[in-house]
Amino acid sequence: MYIQPRENIPRYIIYYTSRTSKETAHYHHICTSDRNNMTATSSSSKRTSSRGFDVEKFRHEGHAMVDYIADYLDALNTKTPNKTFKEVLRVRPDVEPGFLDLDVDMMENGGEFADALTEFHTKVMPGVLHWQDPMFMSYFPSQMSYPALLGDLLSNAINTPSFSWLCNPAASEMEVIVMDAICDAFGLPLERFGWRQRGTKGLKGDKGGGVMQHSATDGMVVSAIAARDTKLRLHPEVKATNLVAYVPEVSHFCSTKGAACAGITHLRKIRCPWNDAANNWPMDVDQLEAAVKADIAAGLTPCFVTASIGATGTCSIDPINKVADIAKKYSMWFTVDAAYAGSASMVPELRHHFNGWERADTIIINGSKWFGCLFNSSFMFMADNKAVAASLNHTAVYLKSGERPTKGVEVEEDGSDSGCQTVAADTYNPVDFKDLQLSLGKNWRSLKVWTMLRTMGFKDLRNMIREHIRLAKYIASQLNESGYFEVLTSTDFGLVCFRPRGETEERVLEFLEEINKDRTTFMVNTVIESKAILRLSIAHPDFSDDDANWIINKLVTDAADFGIQKA
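So the number in my numbering is just where the residue sits in the sequence shown, counting from 1, plus 117.
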């Protein structure tokens, strides 16, 4: 088969001419059959694209999409119609399961992108639950920021799997820089959880580091797998079927899922009784240690324990130092789940809530919750990246990052290395993040975090968190003073836990349905010790005093209309 010489292959180079205030950029294709003799051709000479449309149409449709997104977010924020959204959007959709009816026939031969956007607007958007609405107060936040949204667009345009340094050097090195910056901002010791020494470019010689996981659940599964394998590696006499995991009974299900995915079949859910001092439901550490002792007496092996800072139900904070003591005493891997509240560690006056978390083996915080980074951005900090990589590093020659410094490298029997290698502080030895996560590939997650921090800075995020907590405390005080409600827990973060006074559990849940009925807001409940608790979670980055007063007035009005007796 004849292969055309490289110098004879036409090259297509896109450039644009100088732009004036009245001109748009003009794009031309420069086509050469001789690398040394380039001649310009008309922009009308276009190649057929297998990307849906050419770059100029992409520019046009992209502008239309950004306009649509801007109109959507503006309609949510202002609660006023605009040229795209003719009616006020309500938080909850008015649909039933099976509502969606798309034109499946169009998926065969396709059509205009504008028609697809129209079909989305008319058929899909009516079924969307609007998490970006200021009155969305369920679960925990799913925040976005405009700089992160644009960074995500850029990441998706570049579209690299970023599984190794060689695959995308910029992505690998940016993740190191961004994760170290976040580690420092969160008040975690870089000496334990950072990749680099202060003031040096090279990766430091100990074991810490941070990685961006897809979700907190991914981070919990990775932690449980590392816990299992570390225990079995250090104690070959231990049977995998005898390993035990311990989680607070009110913890997020990802703790249970992590243990299950790691094959840890013995799971102990530790009681979380009411604690007057904490004014919440933290884990009972006495029961934790008693459970550990009982398992050892039964011939089982304690392996993995989790604790929460800001548990999903009521934002309870477990006694982290005491859990760390027990984990150390019985040689268990210790993971702190701070998926929501962890971002508050950026605020110096809130650091006391996080005392002891630096003693954990892994810490998980979601950038998608209270950090404005969109979904698919969970920060996991490791005290020992080598222990994680030892479980997850399954490589092949074609995945290697080429020849690298060998000083201090730990080489496995199969010839691969694991984690971040120990090299001189002025030597940069790449991190292959594929060895620290479940999947091989990953999108360029750190890019959206960097564009956000480069634009807003940690200071804007700190101010948002302070404002959310101030407004949460204000709402809590007003609900208490109304006489209709009792606030059940301390308002340490942005969650208010309350219920109508003197009502049965059935009536409390019926009242929740009443709150959500008009679809102007959306809340959910939790149940602890058979007590139904309503949750009001401040989520929107720009949640304001006006928003707070609106929801207070709605709750008080709904309570009166529902027949709740005022104290």
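Yeah, the Cβ is synthetic: ideal placement off N, Cα and C, and Gly gets one too.
For this session: Report the option in S289, S661, S647 whose CA atom is closest to the CA atom of F280.
Result: It is S289.
Problem set entry | Three-state secondary structure assigned by DSSP to G505 | Strictly speaking, residue 505 in this sequence is Val, with Gly absent from that position. The three-state reading of DSSP puts V505 in helix, counting H, G and I together.
Exercise. Apart from the five residues just before and just after K386, which ones in its own chain have a Cβ nearer than 7 Å to its Cβ?
Worked result: V364, E366, listed in sequence order.
Problem set entry | Residues of its chain near V241, where Cβ-Cβ distance is below 8 Å and the 5 sequence neighbours each way are ignored | Residues L217, L219 of the same chain have their beta carbon placed closer than 8 Å to that of V241, with the five preceding and five following residues left out of the count.
Problem set entry | F575 versus V221, A676, P465, residue with shortest Cα-Cα distance | It is P465.
Problem set entry | 7 Å Cβ cutoff met for A589 and I655 | Yes, these two residues count as a Cβ contact at 7 Å.
Exercise. Quick one: any contact between the segment 592-612 and the segment 325-332, if contact means 3 or more CB pairs under 8 Å?
Worked result: Cβ pair count under 8 Å is below three, so no.
Problem set entry | Segment limits, alpha helix (DSSP H) that includes S594 | Element bounds for S594: 562-599.
Exercise. Comparing alpha-carbon positions, which option in Y256, T201, H238, L206 lies nearest C614?
Worked result: It is Y256.
Exercise. Who are F615's beta bridge partners in DSSP?
Worked result: Residue pairing by DSSP places F615 opposite V604, L651 in a beta bridge.
Exercise. Looking at the structure shown, is S495 part of a helix, part of a strand, or coil, going by DSSP?
Worked result: DSSP places S495 in strand when its eight states are reduced to three.
Exercise. Rounded to a whole number of angstroms, what is the C-alpha to C-alpha distance between A665 and H585?
Worked result: Their Cα atoms are separated by approximately 10 Å.
Problem set entry | Selection from D346, I681, Y263 that minimises the alpha carbon distance to K503 | For the residues D346, I681, Y263, the minimum Cα distance to K503 belongs to D346.
Exercise. Would you say the segment 266-284 touches the segment 567-583, given that touching needs at least three Cβ pairs under 8 Å?
Worked result: Yes, the segment 266-284 is in contact with the segment 567-583.
Problem set entry | Residues sharing a beta bridge with A344, DSSP | The partner list for A344 (beta bridge, DSSP) is empty, contrary to what the question assumes.
Exercise. What are the boundary residues of the beta strand (DSSP E) that L360 is part of?
Worked result: Residues 360-365.
For this session: Report yes or no: do three or more beta-carbon pairs, one from the segment 246-261 and one from the segment 439-446, lie closer than 8 Å?
Result: The segment 246-261, when compared against the segment 439-446, does not touch it at the 8 Å Cβ threshold.
Problem set entry | R636 - DSSP class collapsed to helix/strand/coil | It is coil, neither helix nor strand.
Problem set entry | Cβ pair E292, S495 closer than 7 Å | Result no, Cβ atoms of E292 and S495 do not sit closer than 7 Å.
Problem set entry | Contact check, F660 vs V208, beta carbons under 7 Å | F660 places its beta carbon 7 Å or farther from that of V208.
Exercise. What three-state label does DSSP hand T334 in the structure shown?
Worked result: Three-state result, T334: helix.
Exercise. So is P617 buried or exposed if we call it buried at 16+ other beta carbons inside 10 Å?
Worked result: Within 10 angstroms of the beta-carbon of P617 lie 16 or more other beta-carbons, which makes it buried.
For this session: Rounded to whole angstroms, what's the CA-CA distance from L234 to E225? Just pull it up for me.
Result: Roughly 17 Å separates the two Cα atoms.
Exercise. Exposed or buried, which one is S368 when buried takes at least 16 other CB atoms within 10 Å?
Worked result: Buried, since its Cβ has 16 or more Cβ neighbours within 10 Å.
Exercise. Do you know whose CA, among P547, R652, P399, G459, lies nearest L578's CA?
Worked result: Residue G459 is the option with its Cα nearest to L578.
For this session: State the Cα-Cα distance for the pair N493 and Q682, rounded to the nearest angstrom.
Result: C-alpha separation (whole angstroms): 44 Å.
Problem set entry | Classification of N472 by the beta-carbon crowding that lies within 10 angstroms, buried from 16 upward | Exposed.
For this session: Please determine, among R652, F602, L491, S167, the residue with the shortest C-alpha to C-alpha distance to H331.
Result: Check the Cα spacing between H331 and each of R652, F602, L491, S167: the tightest is with L491.
Problem set entry | Sufficient close CB pairs (3 or more, under 8 Å) joining the segment 398-407 to the segment 352-360 | As far as the Cβ criterion goes, the segment 398-407 does not touch the segment 352-360, which means the pair count is below three.
For this session: Within its chain, find whatever has a CB closer than 8 Å to the CB of Y193; leave out the 5 residues flanking it on each side and keep chain order.
Result: In the sequence as presented, Tyr is not what sits at residue 193; that position holds Leu. So the qualifying residues of the chain are L206, H247, Q249, D250, P251.
For this session: Grab me the residues of C378's own chain with a C-beta within less than 6 Å of its C-beta, minus the 5 sequence neighbours each way, in chain order.
Result: Within the same chain, V338 come within 6 Å of C378 by CB-CB distance, once the 5 residues on both sides are set aside.
Problem set entry | Under the three-state DSSP convention, the category P278 falls into | In this structure, P278 counts as coil in the three-state DSSP scheme.
For this session: Leaving aside the five residues before and after D191 along the sequence, list all residues of the same chain whose C-beta is less than 8 Å from its C-beta, in chain order.
Result: Excluding five sequence positions before and after D191, the CB atoms of its chain that fall closer than 8 Å to its own CB belong to N199, given in chain order.
Problem set entry | Contiguous beta strand (DSSP E) assignments of at least 3 residues, all confined to the segment 209-283 | Unbroken beta strand (DSSP E) runs of no fewer than 3 residues, entirely contained in the segment 209-283, are not found.
For this session: Put L200 into one of helix, strand or coil per three-state DSSP.
Result: Correcting the residue type first, residue 200 is Lys in the shown sequence and not Leu. The three-state secondary structure of K200, taken from DSSP, is coil.
Exercise. Can you pull the DSSP bridge partners for C300?
Worked result: Answer is none; C300 lacks a bridge partner.
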